[in-house]
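K.L.:
One structure follows; several queries about it will come next.
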Amino acid sequence: MSTFPSAPDGVAPLVSVSAHLERILASITPLRSIEMVRLADAAGRTLATSVDALVDLPSFDNSAMDGYAVRRADVVDATSDAPIVLDVVADLPAGAGDAVSIGPGQAARIMTGAPVPAGADAVVPVERTDAGSARVAIHAAPRPGHHIRRRGEDLRAGDRVLTGGMELGPRRIAAAAAAGLAELPVVAVPRVAVVATGSELVEPGAALGPGRIHDSNSLLLAALVAEAGCLVSEVRRLPDDPRLLREWLETRAECDAVVFSGGVSVGAYDVVRQVLGELGTVEFVRVAMQPGKPQAFGTLPDGTPVFGLPGNPVAVAVSFEAFVRPALLHLAARADVLRPTWRVAAEVGWRSPAARRQYMPVTLGADRGAPTVRPATAGGSGSHLVGGLALADGFAIIPEDVEEVAAGDVVEVAITR
Ligand code: AMP
Ligand code: MG
C-alpha cells in the first residue's frame, strides 16, 4: 500500500489567482512561426501583423437603391402632384462597366451597387417614380447626393483594416476581402495534448464497474482547447501508474503545451504530482480560488509548458478558464487573452469562501428585460457537480474579500457559452 506523500506545501500560503496567472503568462513565449493563408482558411486563426486596405471602399461612387440617377437641379421641384419627366438614356445593372454620363433632362435607370453615371448627383428610389423605361416621372426631389455611396467613405486605401493579434472571425475576414486582400499573415496554431489521469476512468458509454466513472475531463478539455483556437494533438486517458505516465512523457508527439487533469493533489496515488514533481521544473501550488485550489504549472524537459489541473470536472472547467485559456491565447500571440466580463445582478444570494476567488457556474436569466444570473445548480460551486455545468452560461467571479452575495447584488460575470 502506498502512503500519503509528505506534503510540505500543505501549509504553504495560498497564491492569488492573478499571481499564478501572471507567472504562467510570463513564462510562455508566443509562437513565432507565421504563414500566409487564404481568406477562406483564416477563420479562427490569429492575425500575425496589422493589415491595411489595398483599395478604397467603396472603390467607386455607386447607388444605394434601385431607382434613377438624376441631376438634382432638374428635379428640385418634383412632387407627386407635379412630377417632372426625364428621358432615360441608360440602364445600369450592378457590374455595369461602360462609362456613362447624363445631361440636363436625362436620367439613367440604376440598380443597387451600379456605378453612378457622370453628371448625376442623386438617386431617386424607384418607389418615388412611375418606374418608366424610355421616360420616367420623378415624384419627389432628392437631397444632394441622396442614395449615393461615395468612394472611400468606408475605408481609404492604406487605412488599417485589421490589427495584429486579433482573432479572425467572419466579420473581420469579410472586411479584409472587401478591402482587396486575398491572404492574411497568421500565427501557427498551438498544438495541445490532453491527458486525463485516474484509474477510476472509463470510456464514456462503457459499462461502469464498481468504483468506476465515465471520463468527462478529456472531452471537456479537448473541446475547450479547440474552442480556444488550438489543435488537439493528442487525447489520452491514463491510470494512476507513474510508470505509464513517464512512458507517455517520453513517447508523446511533439506539441506546444500539455494539459493534465487529476492527480495533482496530495493523495497517495496522485501520479501527476509524483511524476512531474520529479522533474524539478513544475511547481505545485495552492491557489486562492474555489473551485480549483490545487494547481500545477511548469515546463517539461524540452521546454513545453505543462499544466496540471485538479480532477474534479467543475474545477477543470474553472482552471481552464482562469489559467489555461489565457495561456493558450498568449501562445497563439493573441493581443487580448482575457475574456471580457459583465456586471450582472444576482437573482438569488449565495455564499463564497473567505479569502478565495470564487468561480460560480451561473445561468443567465432576465428580470423585466435586464440580465440576471443565478447559480447553475442548487449545489452551487461544488467542484464535482459536472451535470450542472450543462446549465452554465458562464462564471460569476466573486472577489476574494466577499463572503456573501445577496439577491440583487451586482456581480462580475464571464460569459463562456
Ligand atoms: P483527483 O484530482 O485525481 O484527486 O480527482 C478528483 C476527483 O475528480 C475524483 O472524484 C475523480 O474521480 C474525479 N475525476 C478525475 N478525473 C476525472 C475525469 N477525467 N472525468 C471525470 N471525473 C474525474
Ligand atoms: Mg485521481
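Here the numbering used here runs 70 ahead of the position in the sequence shown, where the first position is 1. Glycine residues also receive a C-beta, built at the ideal position from the N, C-alpha and C atoms.
#1: When you compare the CB positions of Arg421 and Pro469, do they come within less than 8 Å of one another, or not?
#2: Given this structure, state the Cα-to-Cα distance separating Leu315 from Ala123, to the nearest angstrom.
#3: Taking 5 Å as the limit, tell me which residues put their C-beta closer than that to any heavy atom of the ligand MG, in chain order.
#4: For a quick check, are the C-beta atoms of Ala177 and Val125 less than 8 Å apart?
#5: Could you check whether the Cβ of Asp311 sits closer than 7 Å to any heavy atom belonging to the ligand AMP?
#6: Do we get a CB-CB distance below 8 Å when we pair Ala148 with the residues of chain C?
#7: According to DSSP, Ile283 sits in a beta bridge with which residue or residues?
#8: Do Ala484 and Glu353 come within 8 Å of each other at the CB atom, strictly closer than that value?
#9: Excluding the 5 residues preceding and the 5 following Val295 in the sequence, name in chain order all residues of the same chain whose CB lies nearer than 6 Å to its CB.
#10: Under 8 Å: do the region 384-403 and the region 92-107 share three or more Cβ pairs, one atom per stretch?
#11: Within 10 Å of its beta-carbon, does Asp147 have 16 or more other beta-carbons around it, so buried, or fewer, so exposed?
#12: List in chain order: all unbroken alpha helix (DSSP H) runs of 4+ residues lying wholly within the region 189-259.
#13: For Thr411, report the span of its beta strand (DSSP E) as first-last.
#14: Please say whether Val355 and Gly368 have beta carbons closer to each other than 8 Å?
#15: Excluding five sequence neighbours on each side, which residues of the same chain lie with their C-beta closer than 8 Å to the C-beta of Thr486?
#16: Using a Cβ-based criterion (distance less than 7 Å to any ligand heavy atom), does Gly235 qualify as near the ligand AMP?
#17: Look at the alpha carbon of Ala77 and the alpha carbon of Ala323, and state the distance between them as a whole number of angstroms.
#18: Quick one: what does DSSP say Ser97 is sitting in, helix, strand or coil?
#19: Below 7 Å, is the gap between the Cβ of Ser451 and the nearest heavy atom of the ligand AMP?
#20: Is it buried or exposed, Gly175, if we count other Cβ atoms within 10 angstroms and call 16 or more buried?
#21: Would you please state the rounded distance, in angstroms, between the beta carbons of Val443 and Leu455? I believe it to be under 8 Å.
#22: Does any heavy atom of the ligand AMP sit closer than 7 Å to the C-beta of Glu470?
#23: Please list the terminal residues of the continuous alpha helix (DSSP H) segment that includes Thr321.
P.N.:
The answer reads as follows:
#1: Result no, Cβ atoms of Arg421 and Pro469 do not sit closer than 8 Å.
#2: Between Leu315 and Ala123, the C-alpha separation is close to 51 Å.
#3: Those residues that bring their Cβ nearer than 5 Å to a heavy atom of the ligand MG are Gly268, Gly332, Gly333 and Gly381.
#4: No, the Cβ-Cβ distance between Ala177 and Val125 is not below 8 Å.
#5: For the ligand AMP, not one heavy atom lies less than 7 Å from the Cβ of Asp311.
#6: Protein chains in the displayed structure number just one, and chain C is not present.
#7: Looking at the DSSP output, Ile283 bridges to Leu271.
#8: Not a contact, by the Cβ cut-off of 8 Å.
#9: The beta carbon of Val295 lies closer than 6 Å to those of Val262 and Val302 in the same chain, with the five residues before and after it left out.
#10: Enough Cβ pairs lie closer than 8 Å, so yes.
#11: If you draw a 10 Å sphere on the C-beta of Asp147, you find fewer than 16 other C-beta atoms in it, and that means exposed.
#12: Under the rule that a run must span 4 or more residues, the alpha helix (DSSP H) segments found entirely inside the region 189-259 read 240-248.
#13: Per DSSP, the unbroken beta strand (DSSP E) holding Thr411 starts and ends at Thr411 to Ala416.
#14: Not closer than 8 Å, so no.
#15: For Thr486, where only same-chain residues beyond five positions count, the Cβ hits under 8 Å are Glu391, Arg409, Ala462, Asp463, Gly464 and Phe465.
#16: For Gly235, the distance from the CB to the nearest heavy atom of the ligand AMP is not below 7 Å.
#17: Reliability fails at Ala77, whose pLDDT of 46 lies under 50, so the model's placement of it is uncertain and no value is given.
#18: Helix at Ser97.
#19: Look at Ser451: its beta carbon is at least 7 Å from all of the heavy atoms in the ligand AMP.
#20: So Gly175 ends up on the exposed side.
#21: Actually they do not touch by this definition, with Cβ atoms about 16 Å apart.
#22: Incorrect: Glu470 has no Cβ contact closer than 7 Å to the ligand AMP.
#23: That run of the alpha helix (DSSP H) goes Pro312 to Thr321.
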